[in-house]
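In the UniProt record's numbering, the protein residues as written are 1 to 147.
Don't be surprised by glycine CBs; every beta carbon is placed ideally from N, CA and C.
Okay, so here's the structure we're looking at.
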Amino acid sequence: MTGAATVRVRRLMPAAPDVVFDEWLDPESLREWMCPRPVRCVEVDVDPRVGGLVRFDVDDSGTRVLITGQFLVIERPRVLRFTWSNSDWSDPTVVSIVNVEFEPAGDGQTLMSIEHSLLPPEEFDSFHSGWLLTFEQLGARLQRAAT
């Protein structure tokens, strides 16, 4: 895709890498934090194996959006890589790549980094703000679990 965009976001998470990593593979957990509010994940399906599918049925202010992907790499607790397609993109056949890395950061924390590449350029701002908010939501969930 010509002119594809890449979003990069990093955040310190208040839990060990294996705990943070596992949040990405648990449908109940994902339903709570993956969609940037007020967007809601209505249903989440995860087949956590290389080649397995991931699917988010999303309610975006009354508009239903289907997000689908396939796991390319699962290296617990260091790396997750999967494809990502949105039914509401101008070309819903576009496939982007999400790469998430989990690095120990001392004191039982994790530096979580995401690189979402091959995005349609017009989606950059939406995905940049979306991943920032999503990371905040995950951090808050992990903080609540720790107390």
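Look at the Cβ atom of residue i, then the Cβ atom of residue j, and state whether they are nearer than 8 Å.
i       : j       : result
Glu-65  : Asp-88  : As written in the sequence, residue 65 is Val, which differs from the Glu given in the question. Against a cut-off of 8 Å, the Cβ pair of Asp-88 and Val-65 comes out as a contact.
Gly-139 : Arg-11  : yes
Ala-5   : Glu-115 : no
Kindly indicate which residue of the options has the alpha-carbon position closest to the one of residue i.
i       : options                              : result
Asp-57  : Gly-106, Cys-41, Ala-146 and Val-9   : Cys-41
Phe-17  : Thr-110, Trp-131, Val-79 and Gly-130 : For clarity, residue 17 is Pro in the given sequence; the question names Phe instead. The shortest Cα separation from Pro-17 among Thr-110, Trp-131, Val-79 and Gly-130 belongs to Thr-110.
Leu-142 : Ala-4, Thr-6, Trp-33 and Asp-59      : Trp-33
Asn-99  : Asp-125, Ser-113, Ile-67 and Arg-37  : Ser-113
Leu-119 : Val-54, Gly-69 and Ser-85            : Ser-85
Short of 6 Å in beta carbon distance, which residues of its chain neighbour residue i, apart from the five on each side in sequence? Order them along the chain.
i      : result
Val-44 : Pro-27, Leu-30, Arg-31 and Phe-56
Within its chain, find whatever has a CB closer than 8 Å to the CB of residue i; leave out the 5 residues flanking it on each side and keep chain order.
i      : result
Pro-38 : Ser-61
Suppose you measure from the CA of residue i to the CA of residue j; what does that come to, to the nearest Å?
i       : j       : result
Val-50  : Phe-71  : 5 Å
Thr-134 : Thr-147 : 20 Å
Leu-53  : Gly-108 : 30 Å
Phe-127 : Val-7   : 7 Å
Val-20  : Phe-102 : 8 Å
Ile-74  : Leu-80  : 5 Å
Asp-91  : Ala-145 : 39 Å
Arg-76  : Pro-121 : 31 Å
Ala-105 : Met-13  : 9 Å
Phe-82  : Leu-132 : 19 Å
Grouping DSSP H, G and I as helix and E and B as strand, with all else coil, what is residue i?
i       : result
Arg-8   : strand
Val-19  : helix
Pro-27  : helix
Ser-61  : coil
Asp-45  : strand
Thr-134 : helix
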